Amino acid sequence: MSSIGTGYDLSVTTFSPDGRVFQIEYAAKAVDNSGTVVGIKCKDGIVIGVEKLIASKMMLPGSNRRIHSVHRHSGMGVAGLAADGRQIVARAKSEAHNYENTYGEPIPIKELADRVASYVHLCTLYWWLRPFGSGVILGGYDRDGPQLYMVEPSGVSYRYFGAAIGKGRQAAKTEIEKLKLSDMTCRQGVIEVAKIIYGVHDEAKDKTFELEMSWVCDESNRQHQKVPEALLEEAKEAAKAALEEMDAD
Amino acid sequence: MDHDATADVNAPHSMGTTIIGVTYNGGVILGADSRTSTGLYVANRASDKITQLTDNVYICRSGSAADSQIVSDYVRYFLHQHTIQLGQPATVKVAANLVRLLSYSNKNMLQTGIIVGGWDKYEGGKIYGIPLGGTILEQPFAIGGSGSSYLYGFFDQAWKEGMTQEEAEQLVVKAVSLAIARDGASGGVVRTVTINSEGVTRKFYPGDQLALWHEEVEAHNSLLDILNASNPEPMST
């Protein structure tokens, strides 16, 4: 349901007559067309998963990471233009570092999300900049517990129990809503996220994909890290099995 | 009369000082004397060396009065902004870190020893000592100022972990009072500030109501008082 914003969509400093800034909406489309990124908040931590669409068979597995650690206690999964996403991650790392140097404690996740969102929003205010063509799902564990935030290209940032961006976000959100997150540990959450990502991947339309997952929870000592190999394999198996079950129906 | 000891009243004010911060089970108690001196002249005999930074964090100031005031003004300003951004009270650790960043970066120009004490919901009551060079050290209790030299042995003996609020208060008042007895640059009254989950309480102990220590002499009535009395009897009490 996209309308053509003829004439009003040439600059990010132009409003349309119905109060929209088309350039920002177009930036959001870049995110909507990318591989799905899912994040959930379990009772003991956060799990982030990415459907990393593989452009070429010659790429090494594990390259072109879409999930980055921002600080010891937090990480972000990036959707949309990869290079834009890299800038956002770099800025987040810098903010976290400066905060700790000034205030002597790790940056609270709420504060980090605010700063990332401010930075993304900044780039929608000037005609000589373009909006970021990527959105991020930021998850972290600080002294107030585990928290999950999503930042969109418009600079808007909300806190979530479960969030999804990218191609399969509608289907993913439906699946997340079915989960009882407050009863789930991250161990279980990893399996569920894998099932969701395998489930929303469109075999017909898209090329093969690689599943990338990370967590920050009590089990990982509140550090953000890649999900351990063994658990990742277990999750992939469970996800494939769940798919076959669905096909068999 | 010595000529060079008679102070120029416009000379830099130094707080000779005894300052103390102790933790107890439930919060912290900050204590200080009230003498601000310029050489031998007591510029202020009732100064308040315990300064507020936020609702839940206070500091004890020693050394140069000007330096410690300006540092506390800056930190209060930064903490205010930080509180607005964070949306909740700043922690004691953050306050202490801001103090030591200023102390350390300007160590060539500043001469101030500060004790930061407060209560926050994450760590409870905490005391941080930030002496001259800008070191920061979290301690169960901290002492500072010229009068503190006379208290190291006292605290070695009298300090206990997990005291009640009454025990800690009495310990602080006794300690400041002992230091005042021996340190010429400390004196006046004893002020304490108690900070816990319920809030902040200030107490005041007038100098003449403090206990007398070894060789300290009781106060006598002033001759000026008996001259105005109906029946002037010299040295009647």
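Those protein sequences? They're chains A and B, same order as listed.
One rule links them: number in this note's numbering = place in the first sequence (from 1) + 9.
Just so we're aligned: 201 in this note's numbering is position 207 of the second sequence, and the numbers increase by one with no gaps anywhere.
From the three backbone atoms N, C-alpha and C, an ideal C-beta is built for every residue, glycine too.
Values in this document were obtained by computation on a predicted structure and should not be read as measured data.
B/G10 is not a Cβ neighbour of B/S97, given a cutoff of 8 Å. Residue pairing by DSSP places A/C51 opposite A/G54 in a beta bridge. DSSP places B/D114 in the strand class (E or B) of the three-state scheme. Contact check for A/L252 and A/E60: beta-carbon distance about 14 Å, past the 8 Å limit, so the pair fails to qualify.
The beta carbon of A/E161 lies closer than 6 Å to those of G144 in the same chain, with the five residues before and after it left out.
Collapsing the DSSP output to three states places A/E221 in a strand.
For A/R100, the nearest beta carbon of chain B is not closer than 8 Å to its own beta carbon. Contact annotation for B/H76 against chain A: Y112 [CB-CB distance below 8 Å, chain order]. Contact with chain B is absent for A/R168, since none of that chain's Cβ atoms lies less than 8 Å from the residue's Cβ.
Within the segment 78 to 105 of chain B, those residues whose Cβ lies closer than 8 Å to any Cβ of chain A are, in chain order, Q79, L80, G81, T85, K87, V88, A90, N91, L92 and L95. Between the segment 133 to 149 of chain A and the segment 87 to 96 of chain A, the count of Cβ pairs shorter than 8 Å is three or higher; the stretches touch.
Under the DSSP assignment, B/S62 falls in the alpha helix (DSSP H) whose first and last residues are A59 to L80. By the CB criterion at 8 Å, B/A173 and B/T17 fall outside the cutoff. In the three-state DSSP reduction, B/Q46 falls in the strand class (E or B).
When the alpha-carbon of A/A122 is set against those of A/G84, A/V202, A/G198 and A/C51, the nearest one is in A/G84.
Interface annotation, A/E120: in contact with chain B, CB-CB separation under 8 Å. Closer than 8 Å to the CB of A/P162 there is not a single CB belonging to chain B. Here B/I53 really is in contact with B/S66; their C-beta atoms are around 6 Å apart, less than 8 Å. Think of a sphere of 8 Å around the beta carbon of B/Y116: the chain A residues whose beta carbon falls inside it are R152, in chain order. Against chain B, the CB of A/P115 has no partner CB under 8 Å away; the residue lies outside that interface. Nearest Cα to B/E160 within the set B/T195, B/Y144 and B/L126: B/T195.
Looking from the CA of A/Q234, the closest CA among A/A213, A/Y150 and A/V46 belongs to A/Y150. Put simply, of B/G25, B/K87, B/Q133 and B/G21 the residue whose alpha carbon is nearest the alpha carbon of A/P115 is B/K87. Beta bridge pairing from DSSP links B/P83 with no other residue. The Cβ atoms of A/H130 and A/G177 do not sit closer than 8 Å to each other.
B/D202 and B/A213 have their C-alpha atoms some 8 Å from each other.
Rounded to whole angstroms, the separation of the alpha carbons of B/E192 and B/G138 is 27 Å. The C-beta of B/F72 has 16 or more other C-beta atoms within 10 Å across all chains shown, which makes the residue buried.
Its chain contains G44, D215, K216 and F218 as the residues whose beta carbon lies nearer than 7 Å to that of A/L62, once the 5 sequence neighbours on both sides are disregarded; these appear in chain order.
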